[in-house]
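Structure record follows, encoded as structure tokens.
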Amino acid sequence: MKVFGLFALAAAAMIGASMAALMLLFGGAGDHAALELSALVAFAVHLVAFALARGLRGRNIWLAWGLGSLLRLGTLVIYAVLVVKVLAVPLVPALIGCATFLFLPTVIEPLLLLK
7 MKVFGLFALA
17 AAAMIGASMA
27 ALMLLFGGAG
37 DHAALELSAL
47 VAFAVHLVAF
57 ALARGLRGRN
67 IWLAWGLGSL
77 LRLGTLVIYA
87 VLVVKVLAVP
97 LVPALIGCAT
107 FLFLPTVIEP
117 LLLLK
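Residue numbers (our numbering): 7 to 121.
Structure, rendered in structure tokens:
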């Protein structure tokens, strides 16, 4: 549980810092709401993916990490096709934000999966 909390904290910090930077770039109407929605979606997906990977790491660490990566990719595709159109948020900041927020914490995930 300690490793999960550490990952959640690190992911939240990385997503928060990158969201602050992206908010400086995107200042149009609805852009900040799109970035906030993207951050929430990405954070939730990271928590699910990391928990799944931690549960499967005893079997095959590559399978565990690969499933988490597929979950993130699937989230981005579904987010692009459905959520952005249904919620009518600005497309560019929503997708750039979601892709950024899904990628950055993935960099530290392997380090914590081995603990």
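Ideal placement from N, C-alpha and C gives every residue a C-beta, glycine not left out. All figures in this text were calculated on a predicted structure; none of them were measured in a lab.
| Item | Value |
| --- | --- |
| Limits of the unbroken alpha helix (DSSP H) element including residue 88 | Premise fails: residue 88 is in no alpha helix (DSSP H) and is neither H nor E. |
| Outcome for residue 7 when other beta-carbon atoms lying within 10 angstroms are tallied against a minimum of 16 | exposed |
| Residue 49 burial status per 10 Å Cβ neighbour count (16 or more: buried) | buried |
| Identity of the residue in 119, 74, 29 and 114 nearest residue 100 by Cα | 29 |
| Nearest neighbour of residue 114, chosen from 71, 62 and 81 [CA to CA] | 71 |
| Buried versus exposed call for residue 92 [16 or more other C-beta atoms within 10 Å across all chains shown] | exposed |
| Cα-Cα separation between residue 56 and residue 27, rounded to whole angstroms | 25 Å |
| Spatial distance of residue 109 from residue 33 (CA atoms) | 22 Å |
| Distance CB(residue 41)-CB(residue 25) smaller than 7 Å | yes |
| Coil, strand or helix - residue 107 by DSSP | helix |
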